[in-house]
Amino acid sequence: MHAVMMPQKTGKNYQAQNRPSQGSSSYQTNLSACEVKQKPSDSKENNPMQDDEHADDQDGDVLQIAMEYFEKDPIRSLRSKDKILEKHLITVENVAWKNGLAPETIDILLNVALSGRFGNAVNTRILKCLIPATLISEDSVVKAVSWLCVGKCSGSTKVLFYRWLIAMFDFIDHKEQINLLYGFFFASLQDDVLCPYVCHLLYLLTKKENVKPFRVRKLLDLQAKMGMQPHLQALLSVYKFFVPTLISVSLPVRKKIYFKNSENLWKTALLAVRQRNQGLCPEPRKLMLGPANIRPLKRKWNSHSIIPVLNSSSHTTECGKKEMNLSEYLSSSGSLPLEQLQRFPQLLENIHCLELPSQMGSVLNNSLLLHYINCIRDESVLLRLYHWLSQTLQEECVWYKVNNYENGKEFASFLDTIIRAESFLHEGFYSCEAFLYKSLPLWDGFCCRSQVLQLVSWIPFNNFSEMKPLLFDHLAHLFFTSTIYFKCSIIESLKELLQNWLLWLSKDIHVKPVTDSPLDTSLCESMNSVFKLVHYVGWLSTIGMRLESNSTFLMHFILDFFETACDIYLIYNLPLVVLFPRAIFYSALFTLDASILNQLCYIMHRYHKNLTAAKKNELIQKAKSKLSFSSKTYKEFNCCLTTMVGCLWTSKPFKKGIRFSPETLEKLGVEEHKRSLNLVYHSSLLGYAVSFLLQETPEEKTINLSSIQGKKWNLYLDYLFSEELQGLKLFIESCIRRSSVS
Amino acid sequence: MSVLRPLDKLPGLNTATVLLVGADDALLQRLADSMLKTDCASELRVHLARSLPLPSNVNRPRVDLLVFVINLHSKYSLQSVEKSLHHVDASFFLGKACFLATGAGRENLCSVHRNTIVRLARTYRSPVLFCDLEVEGSRAAMAQRLARMLQISAGHVPGVSAMSLLSLLRSSESPSLEDL
Amino acid sequence: MDETIAEFIRRTILKIPMSEMMTVLEAWNFLSESQLQTLNLRQRKDSLAQSVVLLCEEKCASLSDAALLDIVCTQVHRHQKIWDVYQMSKGPGEDLDLFDIEQFKSSFKKILQRALRNVTVSFRDAEENAVWIRIAWGTQYTKPNQYKPTYVVYYSHTPYAFTSSSRLKSNIPLLGQALTVASKHHQIVKMDLRSRYLDSLKAIVFKQYNQNFEIHNPTAPLQERSVGLDINTDSRIIHENAVEKDKVQRITQETFGDYPQPRLEFAQYKFWKAAMLTTTPQTPTQSLQFHNRFLETKFKSDLNGGILADREEPLRCLIKFSSPHLLEALKSLAPAGIADAPLSPLLTCIPSRGMNYFKIRDK
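Residue numbers (the working numbering), protein chains in the order written: chain H, 4 to 745; chain L, 1287 to 1466; chain P, 2 to 364.
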């Protein structure tokens, strides 16, 4: 079922990307408003004269005056300027909440707020309305921090400033300069009131080279003094992430949230800004090799989407010097900023000096980093990723939460991203596996159905018997009580699971050195697991067919599965052939649908090939091979083959087995039963036979099916082959010696 | 007021009757509405009861499937189901009864652990289904599954009996979630 | 006009939401109609407050005027305070006196002033013979603090008074004394009843909440209701326990009546249990139970080393029910299938006994 749903999904994304060009009016307004802010000088020429825009213009003018007031403000008496100040403040507030403020405006206002020129109340109001239109320049922040050192502003203003800085962190255009102030911020930890906010800021700011032994000591001292505070723990955990050797104290692993988003005063405003910015640079969501998609913003804890975005975007300035030589990096910082990593050759050049982001989740959206993670095979990196994934899955899982629709959609798209990453790497994540084991028993089979089933298909290879009670029993439970569509989806995802396992095993087998005993126990066990999986699906299918009264629809999915299962030996080069259950064979053989019969023929043909090849190989490597396909498999296959040939070709069905006495058959009126299953009379092919005859002799009034014999039989076969029944063709060519019959 | 028996009456033509037992009326009502909305070949009848035994003075059709609905957020709901279980004939548990636990997802609100329900169901050799009846989509999906089970236990699916479904749904003794 | 009065008025005005500004100012009845019309309600609140202060300066507002404004404010936002209930009683042989409200006011004021010297007492008559009293407390040596007053609502001719909870516990006996003497009662007791909703408290102590109940026949609306409940059901859905459901409805209605419940936001139960004694040493666990039908609380512990083993001091526990509308919540417990009907009398007796703080001792 999810196969059907996927195209819809991508279709939606496509639409979303296209939206700017279609352009709803409100969107256009926003866009132009941003432009106004960015280049106030030529704003008038640029704007088409529309009412909305006009209003914006006026706003801009008033704002201009207000800014002049704030900028060139001589020292005036408090009383006299009360009213003017009030007016200008209101102007600024209005513009800020409506469109956001330009970087220069923010620069001026920050200066005003922190220079202590006005009282606390005014400073608070100014800080509260410092909402960027798009970005905040780094210089403004650095200047603002310098005001903190002068000591002109009160404690509460300082706190508010830090809170503002944390909330706006994503919108600051660069962070190198700010990072240079790391020591200053760190020293501010001493202040008990500021400490939580400074911790949060440092948490966002910390890079690997910031982690120093003396800082660790300081933090541990603080923790000893103040007890286990969540903000200190957060910072320590970041330090531990970067340099695990420096920190020996154990931190709670299961701690979920260190900082509360509810403390964010600018939440709604930020959403608006984000939307504005996203509108400006709509991001393609598809993962692809090549230039990584860099979003202009970085979201961390106060993020709207679940997956964090890679570190800051310095690409605006850096894109000029794309050709950076290796030695420069080796000598300078020792690490390549991730956002500069855009192309695969770059990855190859810098692979030794990459520093992974502090938030591992962000790699999910970056194909290059996924490559990197995949090839470095660093346990700790994978652990970090898995740790993040398990936590997020647990936290965000919809059926663990008070359900709401929005939430569900968000979680589904998160799962989609994980699935994209998994299929990009061709590898399942262990945390997803654990998540499935934990949550499948509680799953209602409805919520995020297609995603959950896709996750199932990416479960890493494992011992089947161990997985059965954790996963397959629950799946069976759902399978037996659900609709036919759900049954089809389960079979489909199990087919993908089988494919993934087989790929993995076939790769694994060739990595291992060939020893004298090629079939060591581990391989035997692996093959046993695969065997059991196929067997399990056979069991599901048999009962499913019974429950759904031999639905053709379901049969298609089942045969699809066995198309993969029948080719294990030849395609995946693994020593295993598992037959499908007899029930499936017979219901496919007696089908009313020609395409089912065609598929069955194809599968029989592939089984034939596989078994023949296996037999041949066995003869060659007789001495080595311990794994002989059991003769039972051959016997069973031969039995199926005989039946099939007997029914379709020789018109001598069921030589063995139940026989009716001629009298009974006469009573039933089916004396001619023997040929009633051959290629002409078979219920699914009857239509073909008729239209073949009509084509041959269009003027004939009565149709004589029994006339298809001898030469006509061959012509009829060619007709069938020309009707796209490829499976039948392959089957007849490989399993039947035609000359002997005709 | 007597013990409820599964096969003491003749079946109605193409009708399948389910009896939902649970303390929370409003939830049962909504589940019943969702069940009737499902696309089902048999004619469905839904009986709702707060608790068993049922009043004996009423003429009611044969009950084909008995569903005990337990709200994990309320201990009272579990207790009332446990009391009702005494008034059910043992042969119901040969495939014509199941447990439905709602609200397992919101763990912070749960006053009954889901393993309690799993154990209870195991004691009665009956399947247990988890869902969240408060959520529209989940409820509809569950209604569909119940309708499916009802059809089978009413004998409307050829070749599958209530007993055979039971044997399929009975999973092997799985390790508890805590051991993971 | 004194600077402090202006400041007090300004701050009081700032407390009033813009939407209620006009009603409050009109109810205050200090500024004239024409003065009120000059006020611009579109401006910011602090400038509005400033213009109100200016108008008051013109009229030379006194402290008592300002206090009246404060009372009006509190009357509008009475649910922002938590109210205590006091019940007074007459001594034996004391008969109904003629009650004069003016006499009450003057003697009340006199008693407080005699005791504290510095105290601001203001009165405002309200509907239903109620008088609102505002007391700003001072001491012999300090001026009254206008920002932490106590409000008292006294219904004349009744033995009940409601006071806003205040942090100045030391003045409460004095307040009680003033109330009893002024209203010519003999004794005053604080009831175990508190709520934010003054009107609900009033309804409870004056037994006004069940007025409808006495008049109507209780069975008639019940049937309407139970029919109404099933009105939308499909004929394919059969309610087996319809009779039982009706019974639950009936019992609920008998206990709670068919009218909206008075609004309380919590009820608190304190239990005392005498020291534990090991009764049956052979059982692996010992359990201690309070059986109040609904409030069933169990303590279980291992025989050895459990927290309850060898306990000398009595065991206490506190159970608190809270809800935005507690009585309505209790009323819907049984119909919603969360509890058996009838509920424990401990829960249902709240309005009839007029208490929501209970102390229960094990016999």
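We put the CB at the ideal spot given by N, CA and C, even for glycine.
For H/Ala617, name the three-state secondary structure that DSSP assigns.
-> helix
N-terminal and C-terminal residue of the alpha helix (DSSP H) that P/Val182 is part of = Ile173 to Ala183
Below 8 Å, can you find three or more Cβ-Cβ pairs linking the segment 328-346 of chain P to the segment 247-261 of chain P?
-> yes
Touch check for the segment 1296-1314 of chain L and the segment 1343-1354 of chain L: three-plus C-beta pairs under 8 Å?
-> yes
Selection from H/Gln502, H/Ile376 and H/Thr636 that minimises the alpha carbon distance to H/Ile574 = H/Gln502
On the three-state DSSP scale, how would you describe L/Glu1329?
-> strand
Integer-rounded CB distance, given that P/Asn357 should sit under 8 Å from P/Phe267 = 7 Å
Which stretch, first to last residue, makes up the beta strand (DSSP E) that contains P/Phe124?
-> Val120 to Asp126
Kindly indicate which residue of H/Val252, H/Glu141 and H/Arg387 has the alpha-carbon position closest to the one of H/Gln236.
-> H/Val252
Where H/Gln712 and H/Thr615 are concerned, what is the direct C-alpha to C-alpha distance, given to the nearest angstrom?
-> 31 Å
Any 3 or more C-beta pairs closer than 8 Å across the segment 193-211 of chain H and the segment 228-235 of chain H = yes
Of the choices H/Lys101, H/Glu107, H/Thr137 and H/Glu89, whose alpha-carbon is the least far from that of H/Ala124?
-> H/Glu89
In three-state terms, what does DSSP make of P/Ala243?
-> helix
How many whole angstroms separate the CB atoms of P/Val73 and P/Ile14, which I take to be in contact at a CB cut-off of 8 Å?
-> Between P/Ile14 and P/Val73 the Cβ distance is about 11 Å, and since that is not below 8 Å, they are no contact.
What are the residues that DSSP puts in a beta bridge with P/Tyr155?
-> P/Val132 and P/Ala162
For my contact list, H/Ile735 and H/Leu720 are in at a C-beta cut-off of 8 Å; report their separation, rounded to the angstrom.
-> 7 Å
Of the residues H/Phe244, H/Ile571, H/Glu551 and H/Phe121, the one placed nearest H/Ser157, counting alpha carbons only = H/Phe121
Rounded separation between H/Ala147 and H/Asn114 - CA only = 6 Å
L/Thr1388: first and last residue of the uninterrupted alpha helix (DSSP H) it sits in | Where L/Thr1388 is concerned, there is no enclosing alpha helix (DSSP H), although the beta strand (DSSP E) it sits in stretches over Ala1383 to Thr1388.
At a cut of 8 Å, does the segment 1304-1322 of chain L reach the segment 723-732 of chain H through at least three beta carbon pairs?
-> no
Pull up the CB-CB distance for H/Leu577 and H/Ile571, whole angstroms please, since I reckon it's below 8 Å.
-> 5 Å
Every unbroken alpha helix (DSSP H) within the segment 538-579 of chain H, with a cutoff of 4 residues, ordered by chain | 555-568 and 571-574
L/Gln1315 at chain P interface by Cβ criterion, 9 Å = yes
Alpha carbon to alpha carbon, how far is H/Pro51 from H/Val219?
-> With a pLDDT of 41 at H/Pro51, under the threshold of 50, the predicted position of this residue should be treated as unreliable, though the coordinate-derived value follows. Going by the C-alpha atoms only, they are around 57 Å apart.
Closer than 8 Å by beta-carbon distance: list the chain L residues that pair up with H/Arg609, in chain order.
-> Neighbours of H/Arg609 on chain L: none; closest Cβ ~30 Å, over 8 Å.
Locate the beta strand (DSSP E) running through L/Asn1357, then write down its first and last residues.
-> Leu1351 to Asn1357
Please report how far the alpha carbon of P/Asn305 lies from the alpha carbon of P/Cys318, in whole angstroms.
-> Low confidence applies here, because P/Asn305 scores a pLDDT of 49, under 50, leaving its location unreliable and the question unanswered by this model.
Name, in chain order, the residues that DSSP records as bridge partners for L/Ala1309.
-> Per DSSP, none; premise fails for L/Ala1309.
Neighbour-count burial assignment, H/Asn601, 16 or more Cβ in a 10 Å radius = buried
Member of H/Leu644, H/Pro247 and H/Val144 whose CA lies at the smallest distance from the CA of H/Asn182 = H/Val144
Contact check, P/Glu245 vs L/Ser1366, beta carbons under 9 Å | no
Does DSSP classify L/Lys1323 as helix, strand or coil?
-> helix
For L/Leu1463, decide whether its Cβ has a neighbour in chain H, counting only Cβ atoms nearer than 9 Å.
-> Caution applies to L/Leu1463, whose pLDDT of 40 falls short of 50 and renders its modelled position unreliable; the model cannot decide the point.
State buried or exposed for H/Tyr375, treating a residue as buried only when at least 16 other CB atoms are found within 10 Å of its CB.
-> buried
Do you know how far the Cα of P/Leu99 is from the Cα of P/His158?
-> 9 Å
In chain order, what residues of the same chain have a beta carbon less than 8 Å from the beta carbon of P/His187, not counting five sequence neighbours either side?
-> Met89, Ser90, Lys91, Gly92, Glu95 and Thr181
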